[in-house]
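Chains as they are written, first to last, in this note's numbering: chain A, 34 to 493; chain B, 21 to 256. Just so it is clear, CB atoms sit at the ideal spot from N, CA and C, and this is done for glycine as well. Just so you know, these numbers come straight off a predicted model, no measurement behind them.
Written as structure tokens, this is what we have:
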């Protein structure tokens, strides 16, 4: 028979520290409120949206099997040649791969980084793009194919560089901040940057959000006509939009006479803008891409006006899915920075690796979490104008890493394309894709995996 | 096409028959080294992008009204319009002179880096927006939001200025002879110095206007928006 025991003292729950975090007021929100209370100014930061949104990861490919056959991975050719600007330009852009470098300014990036991007692009047979701040000698000399942006600020914009460009990109908006202008904090406005932008040194520079000499699409059509007249109708003209009302905006860009439309989704990066913009304005790349393709198909412009998509394109799988959805090419910004060592815990200088962790700590962050491009104190020497810090990125090393990264993505792209039975990556099609989530199925308008169901399309 | 009354030093383009593209291609490619010093554009008919992207010293006379972006991105050339012009006349001009005998629509001289733009009549909204070193002289009035975010150069107005003049100004300086409806954020009226009076006299002489420098007031940036300030309100 069991013996009776003394009752144990009940655990005092009230004395245990509470671990219940509020959903509405979690540590992130409390930190935001207290930061706002302390400073009276919104947070400004670099890179793109950090929140989870439906993305290309939510799609998978249906490769060949019994119903259709795949191609041999190593023996059968899979073409990646990409031609952009065939609508009106006398000299369309011909690229070896459908992966390009997105517009990033000299100012946000050092001249050495711009050179690395140009060298890599040239070796890869792809294009690179200027940014809000004009064309540097370094990038023009190193880039075989250079796209020259025409932005609202028109910093450093001039007819000589326009004539030197291989294509012109009229930037209406950017995925990280559709409806907003650029920012460059004073610590990055050094004498060369200030000179190119015709601004006083060290000021906190705000770019305009609207173009100074046109407003609506009818005016844009005339602006494009002027740019074509100045450049003798030779160069393709791209129109870049930040993804919001993408369906309408793409139609208007086509109406305005664009040769190429660039759609930048909300995951796209920036060198500096308000966090509220980055996280809360614009729509995901996946949703925008489908809207853009719908607009082109309705106008019977698929293949006549090319579509470049950007904003969170990271891997060969992302590229393949973007192409299958209907893009002709993709553009990569943040991925290129990471390839060069952004958020790495070391940098490579004078033949040695150096520990950068203390420098990250000094600006209040750590490798893997850094979005401090706006400070100009990039611990790995990429998003800086500091003459000592910028030496941490050797243009040759940066170019090599970029080349490896893009080559890897291109190999992944052709691997997937061959598995789907395509001898040309541009033959990938929507029918090759299914979605893993209802949200992605609804946005991309492809069936939920294992079903015929496309939310909002077939029945319900 | 071209060729009416053409001599070695003078070429005529009649846009009632020739295309704007023919005119511009001539100005870009055939003009340099041709010895042509004078190009006359007849019957411009309000067409857009007339005489854009010139990169050579030449006198262009436009005999009538022009559309948008007349003489856009001009370098070295001297362009005179005997009529009115649409939006963005001499936009992003680098050097040379553009003179409009009539009125100019919106965004005249926008983002201009250099050279002189003279408008003998009035200029509409956003005259001199984002100007980056150009000198603009307006004989009449200018519309609202003129010299918005103007970075460098001078805007001289012999008549009145509209609302929000010089909003978010950087280093550009504005001189106004008449009334200013209102100043934009961070723009302020400042005292005229001897240097200002000399500059005004020089601009008036360039334009051929007979006013006195003492009649003008100076508007420039208060420079309070040059840096973000945690304590500042965010009204700009």
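Inset, instruction - Could you tell me the boundaries of the alpha helix (DSSP H) in which residue 175/A lies? - result: Working through the first chain from its first residue, we reach residue 175/A at position 142. Annotation: the continuous alpha helix (DSSP H) that includes residue 175/A extends over 170–175.
Legend entry - Under the three-state DSSP convention, the category residue 406/A falls into: Within the first chain, residue 406/A is the residue found at index 373, counting from 1. Assigned with DSSP and collapsed to three states, residue 406/A falls in helix.
Inset, instruction - Starting from residue 216/A, follow its DSSP beta bridges and name the residues at the other end. - result: Translated into the one-based positions of the first chain, residue 216/A becomes position 183. Residue 216/A pairs with 239/A.
Inset, instruction - Could you tell me the distance, in whole angstroms, from the CA atom of residue 326/A to the CA atom of residue 466/A? - result: Counted from its first residue, the first chain places residue 326/A at position 293. Counted from its first residue, the first chain places residue 466/A at position 433. Distance between the alpha carbons of residue 326/A and residue 466/A: 15 Å.
Legend entry - Beta-bridge pairing of residue 178/A - partner residues as DSSP gives them: Mapped onto the first chain, residue 178/A falls at position 145. Residue 178/A pairs with 160/A.
Inset, instruction - Under 9 Å between beta-carbons, which chain A residues line up against residue 191/B? List them in chain order, please. - result: Looking up residue 191/B in the second chain gives position 171. Neighbours of residue 191/B on chain A, chain order: 231, 232 and 233.
Inset, instruction - Inspect the beta-carbon positions of residue 121/A and residue 247/A and report whether they are closer than 8 Å. - result: Position 88 of the first chain holds residue 121/A. Position 214 of the first chain holds residue 247/A. With respect to residue 247/A, residue 121/A sits apart: the two C-beta atoms are not nearer than 8 Å.
Legend entry - Of the listed residues 64/A, 179/A and 262/A, nearest to residue 123/A (C-alpha basis): If you number the first chain from 1, residue 123/A lands on position 90. Measuring from the Cα of residue 123/A, the nearest candidate turns out to be 262/A.
Inset, instruction - Using the Cα positions of residue 232/A and residue 191/B, report the straight-line distance between them to the nearest angstrom. - result: Position 199 of the first chain, counting from 1, holds the residue named residue 232/A. Position 171 of the second chain, counting from 1, holds the residue named residue 191/B. Spanning the two alpha carbons is a distance of roughly 8 Å.
Legend entry - Residues of its chain near residue 23/B, where Cβ-Cβ distance is below 6 Å and the 5 sequence neighbours each way are ignored: By 1-based counting over the second chain, the position of residue 23/B is 3. At residue 23/B the pLDDT is 48, less than 50, meaning the model places this residue with poor confidence; the figure from the coordinates comes in the next sentence. Excluding sequence neighbours, residue 23/B sits near nothing in its chain.
Inset, instruction - Would you grab the beta carbon distance between residue 149/A and residue 334/A for me? Rounded to a whole angstrom, and I think it's under 8 Å. - result: Here residue 149/A refers to the residue found at position 116 when the first chain is read from its first residue. Here residue 334/A refers to the residue found at position 301 when the first chain is read from its first residue. Their Cβ separation, rounded to whole angstroms, is 35 Å, which puts residue 149/A and residue 334/A out of contact at 8 Å.
Inset, instruction - With a threshold of 16 other CB atoms inside 10 Å of the CB of residue 53/A, please say whether the residue is buried or exposed. - result: Within the first chain, residue 53/A is the residue found at index 20, counting from 1. With a threshold of 16 other beta carbon atoms within 10 Å, residue 53/A falls short and is exposed.
Inset, instruction - Output, in sequence order along the chain, the residues in the region 66–90 of chain A whose CB is closer than 9 Å to any CB in chain B. - result: Identification of residues in the region 66–90 of chain A having a C-beta nearer than 9 Å to some C-beta of chain B yields 71, 72, 73, 74, 75 and 77, given in sequence order.
Legend entry - Anticipated Cβ contact below 8 Å, residue 159/B with residue 178/B, distance rounded: The residue given as residue 159/B occupies position 139 in the second chain. The residue given as residue 178/B occupies position 158 in the second chain. The beta carbons of residue 159/B and residue 178/B sit about 5 Å from each other, so the pair counts as a contact at 8 Å.
Legend entry - The alpha helix (DSSP H) enclosing residue 505/A, as first and last residue numbers: The structure shown does not extend to residue 505/A, since chain A is modelled only from 34 to 493, so the question has no answer here.
Legend entry - Where residue 95/B meets chain A, residues with beta-carbon distance less than 7 Å: Position 75 of the second chain holds residue 95/B. Under the 7 Å cutoff, chain A gives 192.
Legend entry - Interface partners of residue 45/B on chain A, CB under 8 Å: The sequence position of residue 45/B within the second chain is 25, counting from 1. Chain A residues near residue 45/B: 265.
Legend entry - Local conformation of residue 88/A per DSSP, three classes: Stepping through the first chain from its first residue, residue 88/A is reached at position 55. Coil.
Inset, instruction - Could you spell out the range, first to last residue, of the alpha helix (DSSP H) harbouring residue 288/A? - result: Indexing the first chain from 1 puts residue 288/A at position 255. Per DSSP, residue 288/A belongs to the alpha helix (DSSP H) from 279–288.
Inset, instruction - Go through its chain and collect everything with a Cβ distance to residue 206/A's Cβ below 6 Å, but skip five positions before and after it. - result: By one-based count along the first chain, residue 206/A stands at place 173. Shown here for residue 206/A: same chain residues with a beta carbon closer than 6 Å to its own, the five before and five after excluded, namely 274 and 275 in chain order.
Legend entry - Counterpart residues of residue 139/A in DSSP-defined beta bridges: What you label residue 139/A is simply residue 106 of the first chain in a count that begins at 1. DSSP, once it has assigned bridges, lists 142/A as partnering residue 139/A.
Legend entry - Proximity below 8 Å, CB of residue 193/B to CB of residue 240/B: One-based indexing of the second chain puts residue 193/B at position 173. One-based indexing of the second chain puts residue 240/B at position 220. Result yes, Cβ atoms of residue 193/B and residue 240/B sit closer than 8 Å.
Legend entry - Residues within the region 463–475 of chain A neighbouring chain B, beta-carbon criterion of under 9 Å: For the region 463–475 of chain A, which is checked against every Cβ of chain B, not one residue is closer than 9 Å.
Legend entry - Test item: CB-CB of residue 113/A and residue 130/A under 8 Å: Within the first chain, the letter at position 80 stands for residue 113/A. Within the first chain, the letter at position 97 stands for residue 130/A. In contact: residue 113/A and residue 130/A (Cβ atoms closer than 8 Å).
Inset, instruction - For residue 65/A, name the three-state secondary structure that DSSP assigns. - result: On the first chain, position 32 is the one that residue 65/A refers to. Shown here, residue 65/A sits in a helix according to DSSP, grouped into three states.
Inset, instruction - Check the C-beta distance from residue 104/B over to residue 85/B and give it rounded, since I have them as a contact under 8 Å. - result: Here residue 104/B refers to the residue found at position 84 when the second chain is read from its first residue. Here residue 85/B refers to the residue found at position 65 when the second chain is read from its first residue. With a Cβ gap of about 5 Å, residue 104/B and residue 85/B count as contacting.
Legend entry - Rounded C-alpha distance that separates residue 65/B from residue 83/B: Counted from its first residue, the second chain places residue 65/B at position 45. Counted from its first residue, the second chain places residue 83/B at position 63. Between residue 65/B and residue 83/B, the C-alpha separation is close to 9 Å.
Inset, instruction - Could you pull out every residue in the same chain whose Cβ sits closer than 8 Å to the Cβ of residue 305/A, ignoring the five residues on either side in sequence? - result: Against the first chain, residue 305/A aligns to sequence position 272. If you ignore the 5 residues before and after residue 305/A, its C-beta comes within less than 8 Å of the C-beta of 77, 78, 79, 141, 215, 216, 217, 218, 406 and 407, all in its own chain and listed in chain order.
Legend entry - Neighbourhood of residue 242/A by C-beta, 7 Å cutoff - its chain only, sequence neighbours within 5 removed: One-based indexing of the first chain puts residue 242/A at position 209. Take residue 242/A, set aside five residues on each side of it, and the residues of its chain with a beta-carbon closer than 7 Å to its own are 185, 212, 213 and 214, in chain order.
Legend entry - Exposure of residue 57/B, with buried meaning 16 or more beta-carbon neighbours within 10 Å: To locate residue 57/B, count along the second chain from 1; it is residue 37. Within 10 angstroms of the beta-carbon of residue 57/B lie fewer than 16 other beta-carbons, which makes it exposed.
Legend entry - Residues of the region 140–162 of chain B with Cβ closer than 8 Å to any Cβ of chain A, in chain order: Within the region 140–162 of chain B, the qualifying residues are 146, 149, 150, 152 and 153.
Inset, instruction - List the residues that DSSP assigns as beta-bridge partners of residue 94/A. - result: For this step, residue 94/A is matched to residue 61 along the first chain. In the DSSP output, where bridge partners are listed per residue, residue 94/A has 466/A.
Legend entry - Short Cβ contact (8 Å threshold) for residue 270/A with residue 254/A: In the first chain, residue 270/A corresponds to position 237, counting from 1. In the first chain, residue 254/A corresponds to position 221, counting from 1. Going by C-beta atoms, residue 270/A is not nearer than 8 Å to residue 254/A.
Legend entry - Residue nearest to residue 169/A in terms of C-alpha spacing, selected from 145/A, 119/A, 154/A and 458/A: Counting from one through the first chain, the residue named residue 169/A turns up at place 136. Ranking the options by Cα distance to residue 169/A, first place goes to 145/A.
Inset, instruction - Please report the Cβ distance between residue 184/B and residue 152/B, rounded to the nearest whole angstrom; I am assuming they are in contact, meaning their Cβ atoms lie under 8 Å. - result: On the second chain, residue 184/B is found 164 positions in, with the first residue counted as 1. On the second chain, residue 152/B is found 132 positions in, with the first residue counted as 1. 20 Å between Cβ atoms; not a contact.
Inset, instruction - Would you please verify whether the beta carbon of residue 240/B is less than 8 Å from any beta carbon of chain A? - result: Reading the second chain from its first residue, position 220 is the one you call residue 240/B. Residue 240/B does not count as touching chain A.
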